[in-house]
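I have placed the structure first, in the form of structure tokens, so that the comments after it can refer back to it.
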Amino acid sequence: EKLNADLETLNWNDRFLTETVPKFENTHNQTAASPQQLLNQISPLIATMTQHTGYVLLGEQSAASVLPAVLATEERLVPLLDQYNASLTAENNLTVNSYHKFQLTRDSLVLFALSLVLFCAIWFLLTKNQKSRFKLKREKTRLLKLTRVMKDNQQKLSAAISAAFHETWSWSQSTGEFWCSETFWQVFGYQNASQYPEATFDVFRAHIDPEQRGVLETALQAHLEHGTPIHLELLASNEQGESRWVRVQAKLIAGDSNGPENIVGTVEDIHDYKLTQLQLDRKETLLTKVGMVARIGGWHVDLKTNNLFWTSETYTIHEVDPDYQPTIETGLAFYAPEARPLIQNAIAQAIETGEPWDLELPFITAKGRHIWVRTQGELEYENKKPVRLVGAFQDISHEKQREIEFLMMQDDKFSSCARLEGVISAATEVSIIATNPQGIITLFSPGAERLLGYTAEEMIGSKTPECFHLAEEVEQRGRDLTASLGRTVKGFEAFVTPAMLGGFDQREWTYIRKDG
220 EKLNADLETL NWNDRFLTET VPKFENTHNQ TAASPQQLLN QISPLIATMT
270 QHTGYVLLGE QSAASVLPAV LATEERLVPL LDQYNASLTA ENNLTVNSYH
320 KFQLTRDSLV LFALSLVLFC AIWFLLTKNQ KSRFKLKREK TRLLKLTRVM
370 KDNQQKLSAA ISAAFHETWS WSQSTGEFWC SETFWQVFGY QNASQYPEAT
420 FDVFRAHIDP EQRGVLETAL QAHLEHGTPI HLELLASNEQ GESRWVRVQA
470 KLIAGDSNGP ENIVGTVEDI HDYKLTQLQL DRKETLLTKV GMVARIGGWH
520 VDLKTNNLFW TSETYTIHEV DPDYQPTIET GLAFYAPEAR PLIQNAIAQA
570 IETGEPWDLE LPFITAKGRH IWVRTQGELE YENKKPVRLV GAFQDISHEK
620 QREIEFLMMQ DDKFSSCARL EGVISAATEV SIIATNPQGI ITLFSPGAER
670 LLGYTAEEMI GSKTPECFHL AEEVEQRGRD LTASLGRTVK GFEAFVTPAM
720 LGGFDQREWT YIRKDG
């Protein structure tokens with residue numbers, strides 16, 4: 220009320236000045252500023268202060284925002300009022316009528332300004348308090364809404380994950396709060412809600428096998444510090460002493476700027492799956508050990524994905540590293556070129572008709588060794604549908620060698636050799652030369668001695684036929700065989716490759732005698 224009264228007085232004096240000044244303007248000393256000139260400067264300042272006060276009263280601006288402008292206006296207005304009062308006092312005609320004497324003084328203006336400042340301060344405090352209460356109420360409403368949304372989402376998430384045979388849980392390390400889905404404890408073997416233990420993180424942790432609790436704690440710590448994914452298969456037990464395998468997965472979910480961080484995860488019953496896996500692992504270990512002893516490898520192909528799996532012994536036979544990733548195409552490429560059509564046809568026939576195969580084929584390892592392998596395969600079915608090819612794989616190079624040796628050591632070997640030796644010795648006009656698989660000459664007939672000029676003692680056990688052949692002819696024969704077989708053939712292999720493949724070779728060669 221005091222502020223309004225001062226404001227009214229200020230406005231009345233402004234009107235009084237506006238009406239009075241023209242009466243004595245003509246008698247004013249021309250060397251000083253006239254009252255009218257001073258009034259022209261004073262009126263806008265008073266109007267400005269009035270306008271700012273009105274904004275505050277109407278709530279359009281805060282008291283704090285207009286206070287600097289009001290004080291600045293006051294600093295400009297006080298000197299002008301002093302000049303204006305001095306000019307009016309100098310005029311005699313203004314002192315005649317006391318009613319019209321100008322009553323605005325420096326003290327009244329200062330009092331007005333102080334009242335305005337006090338009002339602005341009180342208004343500022345009230346406004347700030349009201350805003351704080353409003354903000355607090357709004358934040359409370361927001362938190363309640365978020366809580367309802369979070370609970371609703373939590374229930375929906377729990378229902379969705381439970382429908383996928385997973386149970387959910389969340390835990391805040393900072394607050395210790397633990398939450399789990401309604402049927403969470405059934406994963407641990409509890410049958411009904413009356414058996415469920417207290418839902419706390421310590422109780423959850425206590426259900427993990429003592430020897431594996433450290434694994435869970437280490438995984439949680441690593442995830443909190445480094446973001447390492449949590450994906451564990453743990454042995455758990457319930458209060459009835461029943462043990463079960465469970466899969467635990469979890470991830471850190473950050474809260475808002477003020478909210479706690481939560482680890483949200485799932486628990487899945489994998490007991491039957493784990494038992495089957497352990498049984499398969501034991502069988503695979505046993506098969507691997509048997510394979511290492513018998514040098515028999517295993518393999519299978521998933522017909523849906525075409526993924527090829529090898530046992531460790533199969534890697535060994537191929538002479539590749541354990542981290543090698545085989546495919547059907549790269550696996551077939553190890554077979555000798557002349558053998559690939561046979562194995563490809565066998566695989567196609569098995570897939571089409573279900574007919575198994577058992578083949579002995581030449582093979583080239585990753586290190587270039589030429590060996591013989593036995594490959595077996597058959598089709599496996601599930602629900603009367605073919606799902607995979609499985610088979611065995613064995614290095615039979617030693618068996619092949621023994622087979623050859625056995626044929627050479629049959630009962631009639633000696634008599635046959637004697638008859639052959641007689642024929643060879645009598646055939647002085649025919650050159651007969653024999654070698655072992657490595658190319659070393661084992662037979663050099665008298666006809667060969669006569670033809671080439673070498674003695675049998677010089678040749679048997681130390682020389683190969685390459686010593687009396689033209690090198691150009693041998694190299695050309697090697698190139699021809701390389702082109703036809705798709706693999707490199709050189710040196711002594713140029714003479715025996717057709718025979719090794721079960722055939723024979725009739726060819727004209729140029730021999731070089733010992734004397735040139």
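For the sequence shown, the numbering used here assigns the number 220 to the initial residue and increments by one for each residue that follows. Here a beta-carbon is modelled for each residue, glycine too, at the ideal position from N, C-alpha and C. If you're wondering where the values come from, they're calculated on a predicted model, not measured in any experiment.
Check	Outcome
I427 beta carbon less than 7 angstroms from that of W464	no
Selection from E452, E622, L299 and V649 that minimises the alpha carbon distance to Y492	E452
Whole runs of the alpha helix (DSSP H) within the segment 504 to 564, excluding any shorter than 4 residues	531 to 537 and 547 to 551
For C399: DSSP bridge partner residues	W388
Distance between Q405 and H442 (C-alpha atoms, nearest Å)	26 angstroms
Residue interval of the alpha helix (DSSP H) (run including I605)	Looking at the sequence provided, one finds Pro at residue 605 rather than Ile. No alpha helix (DSSP H) holds P605; the beta strand (DSSP E) holding it covers K604 to D614.
Three-state class that DSSP yields for D577 in the structure shown	strand
Whether E599 touches V609 by CB criterion (7 angstroms)	yes
Buried versus exposed call for I515 [16 or more other C-beta atoms within 10 Å across all chains shown]	buried
Rounded straight-line distance, which links the Cα of E677 to that of T661	11 angstroms
Same chain only: Cβ atoms within 8 angstroms of P605, ignoring 5 sequence neighbours per side	L522, I570, G573, L598 and E599
Three-pair Cβ contact test at 8 angstroms for the segment 674 to 693 versus the segment 714 to 734	yes
CA-to-CA distance, N481 to K354, given in whole angstroms	27 angstroms
Alpha-carbon to alpha-carbon, I659 and A667	15 angstroms
A667 (DSSP reduced to helix, strand or coil)	helix
CB-CB length for E532 against K586, believed under 8 angstroms	Rounded, the Cβ-Cβ distance is 16 angstroms, inconsistent with contact.
Rounded straight-line distance, which links the Cα of R696 to that of H688	12 angstroms
Residue nearest to T546 in terms of C-alpha spacing, selected from W398, H519, V289 and P575	H519
Euclidean distance between Cα positions of L471 and F407	23 angstroms
Short Cβ contact (7 angstroms threshold) for I615 with W591	yes
Within-7 angstroms CB hit, T572 to chain C	No chain C is part of this structure, which consists of one protein chain only.
Residue from T437, Q440, N457 and N411 whose Cα sits closest to the Cα of F423	N457
Per DSSP, the bridge partner or partners of V465	L453 and D488
Per-residue burial, S703 [other beta carbons within 10 Å of its own, 16 or more giving buried]	exposed
Reduced DSSP secondary structure (H/G/I, E/B, other) of G596	strand
Status (buried if at least 16 other CB within 10 Å, exposed otherwise) for H450	exposed
D724 burial status per 10 Å Cβ neighbour count (16 or more: buried)	exposed
Proximity below 7 angstroms, CB of T485 to CB of Q468	yes
Distance CB(G735)-CB(A611) smaller than 7 angstroms	no
Paired residues, beta bridge with W404 - DSSP	Its beta-bridge partners do not exist; DSSP assigns none.
Length of the line joining the Cα atoms of S306 and T292	22 angstroms
Residue closest to I265, alpha-carbon to alpha-carbon, out of Q280, L299, S284 and S253	L299
Contact under 7 angstroms by Cβ, L580 with A558	yes
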